[in-house]
């Protein structure tokens, strides 16, 4: 499954064997996990062995930061028995366990046999977040009312001077 995941995101044939680092995390009521990343590995996986319904969420934060137009956040509500795979570089956290029982997660990191390639969010097609906004701007000049020459006996005779940028007659 991890090989297919890597093949899909990297676009080339991924290895079928991996070095694995597994561990177990128990989240008691009120426990949570600060935002973090797992560097050096290709894949991070979480198997939700025991998860009380609506007790906590797995949150993925935008790797580019919180400033607009970025700052997107994806909240995943786990289901007991579910396996979630994601790039190890993806910033993630677990919200506080609001349930009354312990949640038990089996986590693991996967590396190709010869070690991880130089692979981070900039190289990963799934990390190519694109923010696209098209705005048509049309410049319109304000309409100017014709100005009347003041009535004065001292005004010079002849046509008014040309506006700047216009040489000669209009």
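In full-length UniProt numbering, the protein residues as written are 1 to 170. Here a beta-carbon is modelled for each residue, glycine too, at the ideal position from N, C-alpha and C.
- In this model, residue 75 and residue 18 are separated by some 28 Å (Cα to Cα).
- According to the DSSP assignment, residue 25 belongs to the beta strand (DSSP E) that extends over 19-27.
- Ranking 109, 102 and 58 by CA distance to the CA of residue 51 puts 102 first.
- Between the alpha carbons of residue 113 and residue 22 lies a gap of roughly 16 Å.
- Secondary structure of residue 45 (DSSP, three-state): strand.
- Ranked by how close their Cα comes to the Cα of residue 25, the residues 46, 37 and 89 have 46 in first place.
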